[in-house]
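A quick write-up on the structure given underneath.
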Amino acid sequence: MMYPPHSSAFTSVRRHFDDPRTSDAVFVLVPTDADEADPVRLTAAETHGALYGPGSDPQFATAVWKEVIRTAQSDLTPDSTGKLLAIWLALPRLTGTVRRVCTRLRADRSDVEAEMVLALLEKLADRDGASCLTDSSLLHAARARAWYLAREGLRELPSTQIEGITEEHALSASGEEADAPAAESLDVRVDRPDGPDGLCAPLRFRVRPEHLRRQGIFIDTDDGSQDRSAGHSPGKRRRPGRRADTRPVRPAGRRG
108 MMYPPHSSAF TSVRRHFDDP RTSDAVFVLV PTDADEADPV RLTAAETHGA
158 LYGPGSDPQF ATAVWKEVIR TAQSDLTPDS TGKLLAIWLA LPRLTGTVRR
208 VCTRLRADRS DVEAEMVLAL LEKLADRDGA SCLTDSSLLH AARARAWYLA
258 REGLRELPST QIEGITEEHA LSASGEEADA PAAESLDVRV DRPDGPDGLC
308 APLRFRVRPE HLRRQGIFID TDDGSQDRSA GHSPGKRRRP GRRADTRPVR
358 PAGRRG
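With the numbering used here applied, the sequence shown corresponds to residues 108 to 363, in that order.
Set out below in structure tokens:
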């Protein structure tokens, strides 16, 4: 099965259960209505088919979900296979919400999926509400967390501070402040996070200390202390790596 090139929580879970060695090794025992009948033993793939297959029985699907949730809540193994199975079985009912959240609120898909998985794990680990947890309440918690994350992101205000610094630097370079003494500048470096997503290379730009003092920004010094005026020296030896590209920064609200 083909997945998007970008890594995400949902994709990682699907790939895990795409491996037959994984899906065939996980079993769910679903009790039947008959008093003396043995429970129905389902592999992970068969459990998925019982919930989403063309001939799925709603009554039996309810019993399957109940057992999946019970198994996930009681799973204390290091790999948390039971919880991972519950997350995998919830994905078909969550992907539509992910698409709507990302389309309407322009949220990052990887962030939304990760937040949903976190909400599922928290609900499954909640001992106080374990007895009343159902598939509907489990999925509702994940959807609510995704919408909350996206709406909170809309409240973040962009900053034009970096562009203002670059504009002032350009004026100074053109000679308008030629008589002013040269101020010591600070190298600011933003490293790319671990993993395939995020920045493709570190970001590096130079600012003057007075800009940081004006905004009340603390800079970590080499000795681990925090100071408003001290920062990384321009001559500080940088770690080897790919050189960051220089890109213009647009002010808030301007569209390209």
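For glycine and all other residues, C-beta sits at the position ideal for the given N, C-alpha and C.
Bear in mind that the values here come from a model prediction, so they are computed numbers and not experimental data.
Cα-Cα separation between residue i and residue j, rounded to whole angstroms
i, j, result
"Ser243", "Pro185", "27 Å"
"Arg213", "Glu220", "14 Å"
"Leu149", "Arg250", "28 Å"
"His155", "Ala232", "22 Å"
"Asp126", "Ala152", "10 Å"
"Val208", "Ser238", "30 Å"
"Glu229", "Arg216", "20 Å"
"Ala226", "Val120", "15 Å"
"Phe117", "Leu198", "7 Å"
"Arg206", "Ala253", "11 Å"
"Leu191", "Leu261", "31 Å"
"Arg296", "Arg122", "35 Å"
"Asp218", "Trp195", "17 Å"
"Pro98", "Leu240", "Examination of residue 98 is not possible in this model, given that the chain is present from 108 through 363 alone."
"Gly162", "Val171", "14 Å"
"Arg177", "Ser187", "13 Å"
"Asp235", "Lys173", "17 Å"
"Thr204", "Val224", "13 Å"
"Val175", "Gly160", "17 Å"
"Asp131", "Pro146", "18 Å"
Where residue i sits in the DSSP three-state scheme
i, result
"Thr154", "helix"
"Arg234", "coil"
"Arg177", "helix"
"Leu136", "strand"
"Leu245", "helix"
"Arg206", "helix"
"Leu149", "strand"
"Lys343", "The pLDDT assigned to Lys343 is 47, lower than 50, so where the model puts this residue is not dependable; a value taken from the coordinates is nonetheless given after this. It is coil, neither helix nor strand."
"Arg213", "coil"
Minimum Cβ-Cβ distance from residue i to chain B less than 9 Å
i, result
"Gly160", "Absent from the structure: chain B. Only one protein chain is present."
From the options, residue whose alpha carbon lies closest to that of residue i
i, options, result
"Thr169", "Gln180, Thr139, Asp218", "Thr139"
"Phe134", "Leu227, Trp254, Ala193, Tyr255", "Ala193"
"Leu201", "Leu246, Trp172, Lys190, Asp235", "Leu246"
"Arg385", "Tyr255, Gly160, Gly162", "Absent from the model: residue 385. The displayed extent of the chain is 108 to 363, so no value can be given."
"Thr129", "Val224, Gly189, Ala116, Thr241", "Gly189"
"Phe167", "Ala157, Val175, Ile176", "Ala157"
Residue i, buried or exposed, once every other Cβ within 10 Å from all chains shown has been counted against 16
i, result
"Gln180", "buried"
"Leu183", "exposed"
"Leu136", "exposed"
"Phe124", "buried"
"Ala257", "buried"
"Glu259", "exposed"
"Ala144", "exposed"
"Ala248", "buried"
Check: residue i C-beta below 8 Å from any heavy atom of the ligand ATP
i, result
"Pro127", "Annotation note on the ligand ATP: not contained in the displayed structure, which lists no ligands."
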